[in-house]
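Residue numbers (my numbering): 1 to 139.
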């Protein structure tokens with residue numbers, strides 16, 4: 001069971017961080033080329049993402065109930081909102097979506113750490129938490 005916990009937490013971080021946090025960067029040159037963003041507005045959109053990430057992380061730190069639900073919502077939210085970002089135009093819409101994606105990714109990152117460490121300790125395998133945090137590097 002401990003391996004299952006570690007693997008699911010690993011994959012959650014791959015998705016939330018790899019998609020939710022880093023998917024914007026390779027899109028920027030295309031968005032600038034298509035005149036959806038300027039270099040300045042792309043920087044502001046990225047800043048909105050980091051602000052959302054900060055807010056989501058702070059919010060997740062206070063979570064004492066429904067931790068697993070929030071964790072799942074963070075992972076799925078990052079994926080769905082990233083897909084939705086392909087359908088919007090303009091820097092303000094992208095900024096709003098990136099803020100929400102950041103919030104979801106912040107939830108996922110903080111809550112996957114809390115949930116997986118608690119579960120791995122319960123199953124007597126706290127050392128597997130190191131494998132969990134290899135997820136962002138892999139994603």
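We put the beta carbon where it would ideally sit given N, CA and C, even for glycine.
If you're wondering where the values come from, they're calculated on a predicted model, not measured in any experiment.
Asked, Found
"Short Cβ contact (8 Å threshold) for residue 56 with residue 102", "yes"
"Spatial neighbours of residue 123 in its chain, beta-carbon cut-off 6 Å, leaving aside the 5 residues before and after", "1, 2"
"Contact under 8 Å by Cβ, residue 54 with residue 106", "yes"
"Residue 16 versus 71, 125, 119, residue with shortest Cα-Cα distance", "71"
"Backbone CA spacing between residue 97 and residue 89 [nearest angstrom]", "11 Å"
"Beta-carbon proximity list for residue 31, same chain, < 8 Å, skipping 5 on both sides", "37, 42, 94"
"Cβ neighbours of residue 84 in the same chain (closer than 7 Å, five flanking residues each side left out)", "97"
"Residue 118 versus 68, 79, 76, 92, residue with shortest Cα-Cα distance", "68"
"Spatial neighbours of residue 48 in its chain, beta-carbon cut-off 6 Å, leaving aside the 5 residues before and after", "95, 98, 99"
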